[in-house]
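Visitor:
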Amino acid sequence: MVLPPFSGRILHVDLTKKEISILPTPDYAGLYLGGRGLAARLAWELILPGVGAFDPANPLMFMPGALVGTPAPSSGRATITGLSPQAYPYEWYTRANLGGHWGAELKYAGYDGLIIVGCSPQPVYLWVEDEHVELRDAGHLWGLGLIETQRRLAQELGNDVRVAAIGPAGENRVRFAIVATGTESAAGQGGFGAVMGSKNLKAIAVRGHRGVPVANPAEMLRRSRQVAKRILAHYGRSTLDDSQKMPEGERLPPCTYQCPRACGRFYQRVPGVVHRDRVYSGHLFCCAPIFGSGHFTGIKLGFEAGFEIAQLCNDLGLNHWEFIFGLVPWLRRCQARGELLKMDGDTLDFSDPHVWVNFVTNIAFRKGWGDIFAEGGPRAAAILATGQDLIGELYPAWGQASHWDGHGSFPSPYFPYWLVTALQWAMDTRDPMGGGHGYTTNIFGLLREIKPHDQIALEKLRAVGQHLYGTSASVDPFSGYEGKAEPAAFHHDRGALKDSLGICDNIFPMLTDPKADDFLMRMDGIEGRDLEYYLFQPASDLEISKEAFYRIGARIFTAERMLAIRNWGRSKATDETIIPYLEQPEGSTSPYLRERITLDPQRFRALLSEYYALRNWDLQTGRPNEACLRALDMDEFLSALE
Amino acid sequence: MSQEIEHSPKRQGMLAVDESRCQGCRACMVACSLVHEGQVIPSLARLRVILDLFLGEHRIHYCHQCGKAPCAKACPQGAIRRDGTRGYWIVDQDLCTGCGLCVEACPFEALIMHPGTAKAIICDTCDGQPECAASCPTGALTWRTPTSSERT
C-alpha cells in the first residue's frame, strides 16, 4: 500500500492506441520516492535496450517530486525523463527538471506521475482534469509558440489551467528543444521537447480539484514556514546582479510553486530591438541574463536585445544553455580560425541581435542551415566535418556544454574544486547540475566570502569539510586530488534525493553559512544538512530513519547506473571520456595556488577508482557489485550483473 | 436579515491584502486548504490567487468582510451572518441549502461551493489567526486591526 504524500495513481497514456489507463503507484515508491527516483525505477522496467529517443516506444515520464503539492518550500518541481535526443554519443536515458505550477497541478489532479508512450498519427494535446483524461486535436496549436499555445488553451479550458507544452523547436525535433510552462520554467536539458514533438504531442493541460495528503498537517505547516523563513534570511531574493536591475516593469515572482525566494526577475513590457513592433514580458533566471550581459561570452548585446533573444528562445522552445555555453562559443572559435563565418551567404556575426534572431528562428524551424545546428553542437560539427576538435573543448561529455567544471565556456570554479564537479560529470548521464549544484553553491560559495590569507577562516573551512564529507581535504584549496571522491558521491546522492522530492536545486541542500561562526548552516539548532528529512517527516506516513532516508539518493543514482550498464554497456571507459576535455588548461586561477593547473589524467583515473570504492563498485569495470546492490535493497537489479 | 447585519459585533481584525507584493507562490492557498480540509486542495482554499504567468501580475480573490455583504443579502435562508464574538461573516452550514445565490452575489468572488457538501464556504479568518497570512513570504497578506472607518 502506498502512503502519503503519494496518491497511489500514475496516469498512463498510449498515444498510438489512444488508450488511457491508471496504474497503481508501485510499492517501491517508498524506496525511491517520487520524481527522478520513481522514474529511474520505472525506467528499469520500461526502457529496454535498442530503443532510440524518437522511437514511439520511448516512454516520456513526467514525475512531480514526493513533496510536490505539500507546503514544503520550493516544492513545485517535476522531473521529466526518458531517452534523450540531446545525449551523445548514445541517446540514453536521462532527466530534466521543470518548475512552475504544472507539477503541483498534476498532483492536485490526483496523480503521482504521468507516462506517455507511443506516437499519435496527428497533433494532439492531453487534457487532464481529475478523472477526466482526454486526447484532443491540436491541429490549431501546431506551429504556435509556447506562450500563444498556453494562451489558447487557457481560452479553451479556463484561466486556471496549467500547461506544459512545446514550441516549434519541439515539433521539429530540435535536439535541444525544451518542455516549458509559463514564460521561462523549462525542462531545459535533454531535448525532451523534441521527444514530445516526435510523439505529435503539443501540450499537456492540467487542472486538479483533488487533494494531496499530508500525514501531519499542523506540523508540516509549522516546519515549512520555519524553513521558508531560513531560506529567505540566508539567500535573500533576486540573485541577478545590479546590471540586470531595471527601473520599471520589474517584479520578483518565483519560478516555482511554493517558493519563498524568487531568485530571478520578471520584466514587463520590454520593447523589442529586432522586432520593434513587439514588447516582451517574462522571467529571467539562470543563464538567460547572459544573452544581454555578455558575462562569460564576451558578446554584450545589452539588456533589451538580450531579453528579446531569451524570450524568443522560450517561445520557440529552445534551450538557452546550448546557445550560451555550446553552439555559439563553438561557432565563434571556428570563426576565429576562419571557418563557418557564413552559412549559405548568411553572416553569423553574433554581435548583431538580428543575426541572433535569425539564428534561433532558423534552428527552431530547421530552415536551411538551421537544420544542421538543430542537431546541437556535437552532431552539427560531425555533419559539417568542421571544428570537431573545438567541440571537445566546450562539451565535457554526453552531448551537453560546460557547467561549473572550470573549463571550456564555464571558467569557474578553480582547481582543485572543479575536480569534484568533473567527477560528478564523469559518472552522470547529463551535465550533473540539474540536481548537483550543492558542492559549488555551498563550498565554492563560501570560498568567495573568505580572503585567501585568512588562516582562521581556512581552518574553519577544513573543519566544514571534515564535518560534511568526512575529510578536510574535500574543501581545502591546497589539497589537490585528495578527498574529492567523497563530496562527489555525497552530492550525486543528495541531487538524486532532491530531484525525487521535487525541491529546488539552488536552495537545497543548505550546508554552509558564511555568517555562522563555524560556517555551518543551522536553523534553530537543526543542522542544514538535515532539512530535507525535517520537511519530509511530517509530510509522510512512511516510517523511515534519517539514515535510510538519505540512502535513497544512493539507491536512485545506482539504479540509473544499472540502467546505463544494462542498456548501453556503461563502463569505466565510458566515465573516462571526460578526460580529454579536462586536459585543456583550466579557465581561471586559484588565488591560493596562483597558477593554472592542468589535469593529471593518471591521478584523475585514480580518483575514479576512489569513487567506485566508496560505492562498492568494481574498480575495473565501474559496475556496482552484489554487496552494493544488496545493501541498497536492489536485489531485482542483480540479474543484470551476470 | 438586514437587522441581523446591523446588530452584528464590531470586527476585531481584518485581512489586509497588497496584490502588488503577491509573487504568485500560492503558499496561502496551500495553507488554507490544508487547515480547513485536512489535505492540500487549493481549489477549496477560501481565498484564491489568480495567476497571470505572462505578465507576472496576480489577483487575489478573498472575503473583504465588507459591511454591505451582498452575499448575506442574497441568501434566502439567512445562513450568512456575522460570527457572534469576532464579527466575521460565516455561512451557517445547517441553514445553507446550496442554492449558490451568495456565490453569484459576491463582487469579490470570495465564496465558493464545496463539492463535497454542496454548500457555500467562506473565509472564517481562522478565528483571527489566518493561516494564509502566516504562510505568505512577502507580506502581500497580513492581519491587522481595522481603522475606525473600517469598523463597520
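As given, the protein sequences belong to chains A and B, one line each in that order.
Here numbering that gives the first Met the number 0 is used: the first residue of the first sequence is 0, the next is one more, and so on.
Here numbering that gives the first Met the number 0 is used: the first residue of the second sequence is 0, the next is one more, and so on.
Backbone N, C-alpha and C fix where the C-beta goes; we use that ideal spot for every residue, glycine too.
These numbers were taken from a predicted model, which means no experiment stands behind them.
Could you tell me which residues DSSP pairs with residue 337 (chain A) in its beta bridges?
Guide: On the first sequence, residue 337 (chain A) is found 338 positions in, with the first residue counted as 1. In the DSSP output, where bridge partners are listed per residue, residue 337 (chain A) has none listed.
Visitor: Sort B:12, B:122, B:52, B:77 by Cα distance to residue 253 (chain A) and report the nearest one.
Guide: Reading the first sequence from its first residue, position 254 is the one you call residue 253 (chain A). Residue 253 (chain A) has its Cα closest to that of B:52, out of B:12, B:122, B:52, B:77.
Visitor: Please determine, among B:117, B:37, B:49, B:27, the residue with the shortest C-alpha to C-alpha distance to residue 216 (chain A).
Guide: Numbered from its first residue, the first sequence carries residue 216 (chain A) at position 217. The candidate whose alpha carbon is nearest that of residue 216 (chain A) is B:37.
Visitor: Report buried or exposed for residue 23 (chain A), applying the criterion of at least 16 other Cβ atoms within 10 angstroms of its Cβ.
Guide: Counting from 1 along the first sequence, the entry for residue 23 (chain A) is found at position 24. Answer is exposed; the Cβ neighbour count stays below 16.
Visitor: With respect to the beta strand (DSSP E) encompassing residue 81 (chain A), which residues constitute its N-terminal and C-terminal limits?
Guide: As a working note, residue 81 (chain A) is residue 82 in the first sequence. Start and end: 77-82.
Visitor: For residue 169 (chain A), which option in A:315, A:119, A:546 has the closest C-alpha, if you only look at C-alpha atoms?
Guide: Here residue 169 (chain A) corresponds to residue number 170 of the first sequence, with the count starting at 1. Comparing Cα-Cα distances from residue 169 (chain A) to each of A:315, A:119, A:546, the minimum goes to A:315.
Visitor: Tell me which same chain residues have a C-beta within less than 6 Å of the C-beta of residue 418 (chain A), skipping the five on either side of it?
Guide: Position 419 of the first sequence, counted from the start, is the residue given in the question as residue 418 (chain A). Hits under 6 Å: 483.
Visitor: At least one CB of chain A closer than 7 Å to the CB of residue 135 (chain B): is that the case?
Guide: Taking the second sequence and counting its residues from 1, the one referred to as residue 135 (chain B) is at position 136. Judged by the 7 Å Cβ criterion, residue 135 (chain B) is not in contact with chain A.
Visitor: Considering residue 201 (chain A), what are the terminal residues of the beta strand (DSSP E) in which it resides?
Guide: Counting from 1 along the first sequence, the entry for residue 201 (chain A) is found at position 202. Here the beta strand (DSSP E) through residue 201 (chain A) covers 200-206.
Visitor: For chain A, find out if any of its Cβ atoms is closer than 7 Å to the Cβ of residue 26 (chain B); answer yes or no.
Guide: Within the second sequence, the letter at position 27 stands for residue 26 (chain B). So, interface residue.
Visitor: With 16 other CB atoms within 10 Å as the buried threshold, where does residue 268 (chain A) fall?
Guide: Position 269 of the first sequence holds residue 268 (chain A). It counts as exposed.
Visitor: Which of the residues in the segment 533-566 of chain A, read from start to end, lie with their CB under 9 Å from any CB of chain B?
Guide: Listed in sequence order: no entries.
Visitor: With respect to the alpha helix (DSSP H) encompassing residue 197 (chain A), which residues constitute its N-terminal and C-terminal limits?
Guide: Residue numbering aside, residue 197 (chain A) sits at position 198 when the first sequence is read from its first letter. Segment 191-197, the alpha helix (DSSP H) holding residue 197 (chain A).
Visitor: Which of the three DSSP states is assigned to residue 112 (chain A) in this structure?
Guide: Position 113 of the first sequence, counted from the first residue, corresponds to residue 112 (chain A). Three-state DSSP puts residue 112 (chain A) in a strand.
Visitor: To test your reading of the DSSP string, which unbroken alpha helix (DSSP H) runs of 4 or more residues are found completely within the segment 69-128 of chain B?
Guide: Counting whole runs of 4 or more residues, the segment 69-128 of chain B contains the alpha helix (DSSP H) stretches 69-73, 100-104.
Visitor: Specify whether the segment 551-559 of chain A and the segment 364-382 of chain A touch according to this definition: at least 3 beta carbon pairs, one from each stretch, less than 8 Å apart.
Guide: With a cut-off of 8 Å, the segment 364-382 of chain A and the segment 551-559 of chain A do not count as touching, because too few Cβ pairs lie within range.
Visitor: Going along chain A in order, which residues have a C-beta closer than 7 Å to the C-beta of residue 38 (chain B)?
Guide: Looking up residue 38 (chain B) in the second sequence gives position 39. In chain order: 210, 211, 212, 213.
Visitor: Pull up the distance between the alpha-carbon of residue 289 (chain A) and that of residue 299 (chain A), whole angstroms please.
Guide: Translated into the one-based positions of the first sequence, residue 289 (chain A) becomes position 290. Translated into the one-based positions of the first sequence, residue 299 (chain A) becomes position 300. Looking at the two C-alpha atoms, the distance is approximately 8 Å.
Visitor: In or out: residue 375 (chain A) buried (at least 16 other Cβ within 10 Å) or exposed?
Guide: Residue mapping note: residue 375 (chain A) aligns to position 376 of the first sequence, counting from 1. Its Cβ being crowded by 16 or more others within 10 Å, residue 375 (chain A) is buried.
Visitor: Identify the residues that DSSP records as bridge partners of residue 59 (chain B): which are they?
Guide: Taking the second sequence and counting its residues from 1, the one referred to as residue 59 (chain B) is at position 60. Answer is B:48.
Visitor: List the residues that DSSP assigns as beta-bridge partners of residue 399 (chain A).
Guide: Numbered from its first residue, the first sequence carries residue 399 (chain A) at position 400. Bridge partners of residue 399 (chain A): A:396.
Visitor: From A:16, A:166, A:550, pick the residue whose C-alpha is nearest to that of residue 629 (chain A); which is it?
Guide: By 1-based counting over the first sequence, the position of residue 629 (chain A) is 630. Checked all of A:16, A:166, A:550; the closest Cα to residue 629 (chain A) is A:550.
Visitor: Pull up the CB-CB distance for residue 416 (chain A) and residue 443 (chain A), whole angstroms please, since I reckon it's below 8 Å.
Guide: Translated into positions along the first sequence, residue 416 (chain A) becomes position 417. Translated into positions along the first sequence, residue 443 (chain A) becomes position 444. Correct: roughly 6 Å between the Cβ atoms.
Visitor: Could you please give me the residues that DSSP links to residue 94 (chain A) through a beta bridge?
Guide: As a first step, residue 94 (chain A) must be located in the first sequence, where it is residue number 95. Paired residue(s): A:80.
Visitor: Would residue 30 (chain B) pass as an interface residue toward chain A - the criterion being a Cβ-Cβ separation below 7 Å?
Guide: Sequence index remark: in the second sequence, residue 30 (chain B) carries index 31 (1-based). Answer yes: the Cβ-Cβ gap between residue 30 (chain B) and chain A drops below 7 Å somewhere.
Visitor: Among residues of its own chain, excluding the 5 on either side of residue 76 (chain A), which ones have a beta-carbon nearer than 7 Å to its beta-carbon?
Guide: Walking along the first sequence from the start, residue 76 (chain A) turns up at place 77. 64, 67, 96, 97, 98, 102, 255, 501, 502, 503.
Visitor: What first and last residue would you give for the alpha helix (DSSP H) that runs through residue 353 (chain A)?
Guide: Position 354 of the first sequence holds residue 353 (chain A). Note, residue 353 (chain A): alpha helix (DSSP H), 352-363.
Visitor: Please classify residue 105 (chain A): does DSSP put it in a helix, a strand, or coil?
Guide: As a position in the first sequence, residue 105 (chain A) is number 106, starting the count at 1. Of the three classes helix, strand and coil, the one that applies to residue 105 (chain A) here is helix, per DSSP.
Visitor: Between the alpha carbons of residue 144 (chain B) and residue 95 (chain B), how many angstroms are there, rounded?
Guide: Residue 144 (chain B) sits at position 145 when you count from the first residue of the second sequence. Residue 95 (chain B) sits at position 96 when you count from the first residue of the second sequence. Each residue's alpha carbon lies about 30 Å from the other.
Visitor: Can you list, in chain order, the residues of its chain with a C-beta nearer than 7 Å to that of residue 478 (chain A)? Leave out the 5 residues immediately preceding and following it.
Guide: On the first sequence, position 479 is the one that residue 478 (chain A) refers to. Result list for residue 478 (chain A): 415, 472, in chain order.
Visitor: Which chain B residues sit within Cβ distance under 8 Å of residue 231 (chain A)?
Guide: Position 232 of the first sequence holds residue 231 (chain A). Here the neighbours are 136.
Visitor: Scan the segment 67-86 of chain A for residues whose Cβ lies nearer than 7 Å to a Cβ of chain B and list them as they occur along the chain.
Guide: Within the segment 67-86 of chain A, the qualifying residues are 68, 69, 70.
Visitor: What residues from chain B crowd round residue 265 (chain A), counting only those whose CB sits closer than 7 Å?
Guide: The count along the first sequence starts at 1 and reaches residue 265 (chain A) at position 266. Chain B residues near residue 265 (chain A): 55.
Visitor: Pull up the DSSP beta-bridge partners for residue 184 (chain A), would you.
Guide: Counting from 1 along the first sequence, the entry for residue 184 (chain A) is found at position 185. The partner list for residue 184 (chain A) (beta bridge, DSSP) reads A:180.
Visitor: Does residue 22 (chain B) get closer than 7 Å to chain A when you measure Cβ to Cβ?
Guide: In the second sequence, the residue the question calls residue 22 (chain B) occupies position 23. Yes - at least one Cβ of chain A is within 7 Å of the one on residue 22 (chain B).
Visitor: Just how far apart, CA to CA, sit residue 56 (chain A) and residue 117 (chain A)?
Guide: In the first sequence, residue 56 (chain A) corresponds to position 57, counting from 1. In the first sequence, residue 117 (chain A) corresponds to position 118, counting from 1. Going from the Cα of residue 56 (chain A) to the Cα of residue 117 (chain A) covers about 6 Å.
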